[in-house]
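Numbering (the working numbering), first residue to last: 17 to 80. A quick write-up on the structure given underneath.
This is the structure we're talking about:
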């Protein structure tokens, strides 16, 4: 999610990028990004990839 007006200038855990990197490298990955976000990818036998992980909740952002 990118929301500069709400103080989020970039997405610190980008699952779509992690999937592309997994496919390109041809192997499973564990990626730590930002302040404690962890992405785990798994390359499947049929060429697809799965992504999961965890993130750290560090603040509440009220919506306008």
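Note that CB positions come from ideal geometry on N, CA and C, so glycine has one too.
Coarse secondary structure for residue i, derived from DSSP in three states
| i | result |
| --- | --- |
| residue 39 | helix |
| residue 61 | coil |
| residue 50 | coil |
Which residues DSSP lists as bridging residue i, in chain order
| i | result |
| --- | --- |
| residue 19 | 24 |
| residue 70 | 54 |
Spatial distance of residue i from residue j (CA atoms)
| i | j | result |
| --- | --- | --- |
| residue 65 | residue 76 | 32 Å |
| residue 52 | residue 72 | 6 Å |
| residue 20 | residue 28 | 13 Å |
Beta-carbon separation (whole angstroms), residue i vs residue j, contact threshold 8 Å
| i | j | result |
| --- | --- | --- |
| residue 59 | residue 38 | 6 Å |
| residue 41 | residue 67 | No, residue 41 and residue 67 are not in contact; Cβ-Cβ is about 14 Å, not under 8 Å. |
| residue 54 | residue 43 | Actually they are not in contact, since the Cβ atoms of residue 54 and residue 43 sit about 17 Å apart, beyond 8 Å. |
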